[in-house]
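Student: In the UniProt record's numbering, the protein residues as written are 1 to 654. Every residue, glycine too, gets a C-beta built ideally from N, C-alpha and C. Every value quoted in this text rests on a predicted model; they were computed, and no experiment measured them.
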Amino acid sequence: MTLPSAAPAFSTWTALVPVVLGAAALLVVPGLLTGWALRLRGVVLLTAAPALTVALTGTTALVAPHLGLRWDAGTVAAALAVAVAAAALTGRVLPRSLRRGRADDPPRETGPVLAVVAGTLLGAAVAAATTARGLGRADVVSQGFDTIFHLNAVRWVLDTGSASPVDVGRLTSRDAASAYYPAAWHGLAALVAEHSTPVAAANALVLLVPGLAWSLSCALLVRALCGARPLPLLLAPVLAQGFVAFPWYVDRGGLWPLVLGTALVPALLGALALATAGGERVGSAPADVRWRAALVAVAAAGACGLAHPDAFFTGALLALVLLVVTVVPAHLLPWRGARAQWAVVAGTAGGAAVVAAGGWLFREQLASVARADWPATRSVGKAVVEVLTGAPAGAGSSWVVAALVLLGAVRAARDVAWRWLVVGHVVVGALDVLAAAVDAPVSQLLTGLWYNDRGRLAASLPVTGTALAVLGVLWAADALRRRAVRAALATAAALAAVVAQVGGSAAQLAKSNADAAEDPRTSLVTLAEQRFLEGLRRYVPEGAVVAGNPWDGSSFAYALSGVPVLYPHLRGNFPQDWVFLADHLQDAGTDPAVCAALGRTGVRYVLDDGQLWRPPKLEPAGYTAFRLFQGRPGFVEVASGGGVTLYEITACDR
């Protein structure tokens, strides 16, 4: 019998708009409320909001299970109330010398805030155009190795009521003593999916993390570097969309937690620069502003780590560069006062403590990552050219933006307050070249924290690259004398450079979305298969588990329909029964051990799709039992559609 297609609720971009708006509010509003209570104002309040939100939701997800709380909007609202109250009380514990009087309230920054809003709207429009062209459909399932885990993890959070990193990791490691997996992205996506679907939530965040969180985060870094000047604050969110390397190159493979974490790194650096007066050329901020900026920096560091450890280590590396190149020489020279010296020492010690805590938290992941070793695929010369042109692994060069980055690097190198940007950019670029072109122990040692994967390192270059590009545009614009003409031409040039790159960025996103989803040879699940899996609940009763070869896309059944599947990912630390059934399920009619394993796992149905996914550098392995079910005694066809067949296992019925 052919299974009717499930009605797609979010198959059009118009239908997805309410989901996008709700997700945008989730990304910004909690951070705004917390920041306001902390007495952040103006540009810093607006641009720090996404980092504060992720820090709040990520920490809440970690703590909630210990308090017996289920992960949902109510729990987050309660945590937000606590955070706002705590932030409001913070001023009472400030040293008297750091408190503002009413006459010293922060100056209004209406013009700069409007510039950030305008720039973010432009950047979001570019991100929306890129997303729409790259995804094709609003409900497309990204065809990537990591996508299966992340979408199923969102469903897992909805079902278990926990977005704790420890619990999310148990999706593929049920019997492990510890199964930590950074889950800030999954927690956010699950909150959005409460009123949509895991796929709709994921695709909304594919648009919003680059268009909103990344744009605002880059604006905070530029605010620290250039002060509250409207023009650079307008340019930063726009130019942030001009790089193929980030977010679109990593977004295409479903590395969504990495995208979220990396998007917050500029906020960490901007807050740190404000806190240490390590970047602003227009003068040191007041003491209480620096103190509050330090709190934002700590929160942003936590947010990066809760999203993805790679982002945390990128932020730690660039923060170290900022301190060594700018802050330490400025504050620890002999003619500086003792208070400044002690402040920097305390700040550095605090930063070291955060890094040490992160290393302890991710200790198991670090041991695993240290063993990763991707082979070199480029010559040193070619890798250097790709770094300079912003084209990781031949992904397509961002020529105009790359030229602006180089121009900005020349300008920044001449200014002691900005020089750390150049050093940081060169350091990350050198690591990228090592990962891409050098097969040697030194490459493994220095790039192991990023899986020795040049794509992840290349994604870190736009963190400093965006700020450098802004400085490049400003330097070129300074050649014009009239301020209005200068601002208009600078904005137009930046927007033109970014719009020119939309096609290349969308092409990267399309490789695992719009293009891949319609080709059975490159897709895990085609549209027809997706529709079949979405309606699976009609035929599978509550409590029953479905088995299937994850290499044919059957694992998506859990995310798409809510029906539990035996194998939620292509690989994992699976229990012994799962491993046994992967090789012996077809023997259910003759081997009592198979029936015993089926009883323990709750498996009563099998999905069969003869088309296996064969991506580059990966070959389907294992799961030899999942073939030739048609006509086999003990397996009765229930429904079929899109090339997928659902069988009920009757071999063990007595």
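(1) Do Gly408 and Gly401 have their beta-carbon atoms positioned less than 8 Å apart in this structure?
(2) Any idea what DSSP makes of Ala391, helix, strand or coil?
(3) Relative to the C-alpha of Val298, which residue among His308, Leu269 and Leu445 is closest?
(4) Please report the distance separating the alpha-carbon of Ala49 from that of Phe246.
(5) Can you tell me whether Phe313 is helix, strand or coil according to DSSP?
(6) Quick check on the DSSP output: the beta strand (DSSP E) that includes Arg223 runs from which residue to which?
(7) Is the region 432–439 touching the region 417–424, taking contact as three or more C-beta pairs under 8 Å?
(8) Flag this pair as yes or no: are the beta carbons of Leu566 and Thr601 separated by less than 8 Å?
(9) Could you tell me if Ser215 is buried or exposed, where buried requires 16 or more neighbouring beta carbons within 10 angstroms of its beta carbon?
(10) Report yes if the CB atom of Gly261 is closer than 8 Å to the CB atom of His308, and no otherwise.
(11) So, under 8 Å CB-CB, Phe10 and Ala138 are touching, yes? Tell me the CB distance rounded to an integer number of Å.
(12) With DSSP as the reference, label Glu529 as helix, strand or coil.
(13) What's the C-alpha gap between residue 675 and Thr276?
(14) Report yes or no: do the region 147–164 and the region 193–205 share at least 3 C-beta pairs separated by less than 8 Å?
(15) Inspect the beta-carbon positions of Val54 and Ala303 and report whether they are closer than 8 Å.
(16) Among the residues of its own chain, which have a CB less than 6 Å from the CB of Leu471, if the five just before and after it don't count?
(17) With 16 other CB atoms within 10 Å as the buried threshold, where does Asn452 fall?
(18) What are the start and end residues of the beta strand (DSSP E) that includes Tyr647?
(19) Between which two residues does the beta strand (DSSP E) harbouring Ser640 extend?
(20) Identify whether Tyr180 lies in helix, strand or coil by the three-state DSSP scheme.
(21) Given this structure, state the Cα-to-Cα distance separating Leu306 from Ala621, to the nearest angstrom.
(22) Do Thr75 and Thr60 have their CB atoms nearer than 8 Å?
(23) Please return the same chain residues whose Cβ sits closer than 7 Å to the Cβ of Ala88, not counting the five positions on each side in sequence.
(24) Buried or exposed: which applies to Gly101, given that a residue is buried once 16 or more other Cβ atoms fall within 10 Å of its Cβ?
(25) State whether the region 163–172 contacts the region 22–42, with contact taken as three or more CB pairs (one from each stretch) at a distance under 8 Å.
(26) Flag this pair as yes or no: are the beta carbons of Leu272 and Leu322 separated by less than 8 Å?
(27) Short of 7 Å in beta carbon distance, which residues of its chain neighbour Trp71, apart from the five on each side in sequence? Order them along the chain.
(28) Distance check for Leu295 and Thr90, CA to CA, integer angstroms please.
(29) When the Cα of Arg414 is compared with those of Gln241, Ser460, Leu468 and Ala383, which residue comes out closest?
(30) Contact between the region 126–137 and the region 147–155 is defined here as three or more beta-carbon pairs at a separation below 8 Å; is this criterion met?
(31) With respect to the beta strand (DSSP E) encompassing Tyr605, which residues constitute its N-terminal and C-terminal limits?
(32) Taking C-alpha atoms, which residue in Thr57, Arg531, Gly35 and Ala83 lies nearest to Gly641?
(33) In or out: Leu585 buried (at least 16 other Cβ within 10 Å) or exposed?
(34) For Arg21, count the other beta carbons within 10 Å of its own beta carbon; 16 or more makes it buried, fewer makes it exposed. Which is it?
(35) Could you tell me whether the Cβ atoms of Val222 and Ala236 are closer together than 8 Å?
(36) Quick one: grab the DSSP three-state call for Val416.
Tutor: Let's see:
(1) The sequence position of residue 401 within the sequence shown is 401, counting from 1. The sequence position of residue 408 within the sequence shown is 408, counting from 1. Strictly speaking, residue 401 in this sequence is Val, with Gly absent from that position. The answer is no: Cβ separation not under 8 Å.
(2) Indexing the sequence shown from 1 puts residue 391 at position 391. Of the three classes helix, strand and coil, the one that applies to Ala391 here is coil, per DSSP.
(3) Counting from 1 along the sequence shown, the entry for residue 298 is found at position 298. The shortest C-alpha separation from Val298 is found at Leu269.
(4) Start at 1 with the first residue of the sequence shown, and residue 49 comes out as number 49. Start at 1 with the first residue of the sequence shown, and residue 246 comes out as number 246. Between Ala49 and Phe246, the C-alpha separation is close to 21 Å.
(5) Working through the sequence shown from its first residue, we reach residue 313 at position 313. Helix at Phe313.
(6) Along the sequence shown, one-based indexing puts residue 223 at 223. It is not in any beta strand (DSSP E) - Arg223 instead sits in the alpha helix (DSSP H) that spans Ser215 to Cys226.
(7) no
(8) Taking the sequence shown and counting its residues from 1, the one referred to as residue 566 is at position 566. Taking the sequence shown and counting its residues from 1, the one referred to as residue 601 is at position 601. Cβ distance < 8 Å, so Leu566 and Thr601 count as in contact.
(9) As a working mapping, residue 215 is identified with position 215 in the sequence shown. It is buried - the Cβ of Ser215 has at least 16 other Cβ atoms within 10 Å.
(10) What you label residue 261 is simply residue 261 of the sequence shown in a count that begins at 1. What you label residue 308 is simply residue 308 of the sequence shown in a count that begins at 1. Contact flag set, yes.
(11) Position 10 of the sequence shown holds residue 10. Position 138 of the sequence shown holds residue 138. Right, the Cβ-Cβ distance comes to about 6 Å (below 8 Å), so this counts as a contact.
(12) As a first step, residue 529 is located in the sequence shown; it is residue number 529 there, counting from the start. In the structure shown, Glu529 sits in a helix (DSSP, three-state: H, G or I).
(13) Absent from the model: residue 675. The displayed extent of the chain is 1 to 654, so no value can be given.
(14) yes
(15) The sequence position of residue 54 within the sequence shown is 54, counting from 1. The sequence position of residue 303 within the sequence shown is 303, counting from 1. Cβ atoms of Val54 and Ala303: closer than 8 Å.
(16) As a working note, residue 471 is residue 471 in the sequence shown. Cβ neighbours of Leu471 beyond the five flanking positions: Gly408, Arg411 and Ala412.
(17) To locate residue 452, count along the sequence shown from 1; it is residue 452. Asn452 should be labelled buried.
(18) Your numbering for residue 647 matches position 647 in the sequence shown. Note, Tyr647: beta strand (DSSP E), Val644 to Ile649.
(19) Indexing the sequence shown from 1 puts residue 640 at position 640. Unbroken beta strand (DSSP E) run through Ser640: Phe635 to Gly641.
(20) Taking the first residue of the sequence shown as 1, we reach residue 180 at position 180. Three-state result, Tyr180: coil.
(21) The residue you call residue 306 lines up with position 306 of the sequence shown. The residue you call residue 621 lines up with position 621 of the sequence shown. One C-alpha to the other measures close to 32 Å.
(22) Within the sequence shown, numbered from 1, the residue matching residue 75 stands at position 75. Within the sequence shown, numbered from 1, the residue matching residue 60 stands at position 60. For Thr75 and Thr60, yes; Cβs fall inside 8 Å.
(23) Here residue 88 is taken as the residue at index 88 of the sequence shown, counted from 1. Within the same chain, Ala88 has close Cβ partners Ala37.
(24) As a position in the sequence shown, residue 101 is number 101, starting the count at 1. Since pLDDT at Gly101 reaches only 45, below the 50 mark, its modelled position is unreliable, and the value read off the structure follows with that caveat. With fewer than 16 Cβ atoms within 10 Å of its Cβ, Gly101 is classed as exposed.
(25) no
(26) If you number the sequence shown from 1, residue 272 lands on position 272. If you number the sequence shown from 1, residue 322 lands on position 322. In this structure, Leu322 lies closer than 8 Å to Leu272 by Cβ.
(27) In the sequence shown, the residue the question calls residue 71 occupies position 71. Excluding sequence neighbours, Trp71 sits near Ala61, Ala64, Val157, Gly161, Ser162, Ala163, Gly187 and Ala190.
(28) By 1-based counting over the sequence shown, the position of residue 90 is 90. By 1-based counting over the sequence shown, the position of residue 295 is 295. Rounded to whole angstroms, Thr90 to Leu295 spans 11 Å at the Cα level.
(29) As a first step, residue 414 must be located in the sequence shown, where it is residue number 414. Nearest of Gln241, Ser460, Leu468 and Ala383 to Arg414, Cα basis: Leu468.
(30) no
(31) Sequence index remark: in the sequence shown, residue 605 carries index 605 (1-based). Note, Tyr605: beta strand (DSSP E), Val603 to Asp608.
(32) What you label residue 641 is simply residue 641 of the sequence shown in a count that begins at 1. The shortest C-alpha separation from Gly641 is found at Arg531.
(33) Here the question's residue 585 lines up with position 585 in the sequence shown. Leu585 is buried by the Cβ-count criterion.
(34) Sequence index remark: in the sequence shown, residue 21 carries index 21 (1-based). The question names Arg, but residue 21 in the sequence shown is Leu. Answer is exposed; the Cβ neighbour count stays below 16.
(35) Looking up residue 222 in the sequence shown gives position 222. Looking up residue 236 in the sequence shown gives position 236. For Val222 and Ala236, yes; Cβs fall inside 8 Å.
(36) Position 416 of the sequence shown, counted from the first residue, corresponds to residue 416. Note: Val416 maps to coil in three-state DSSP.
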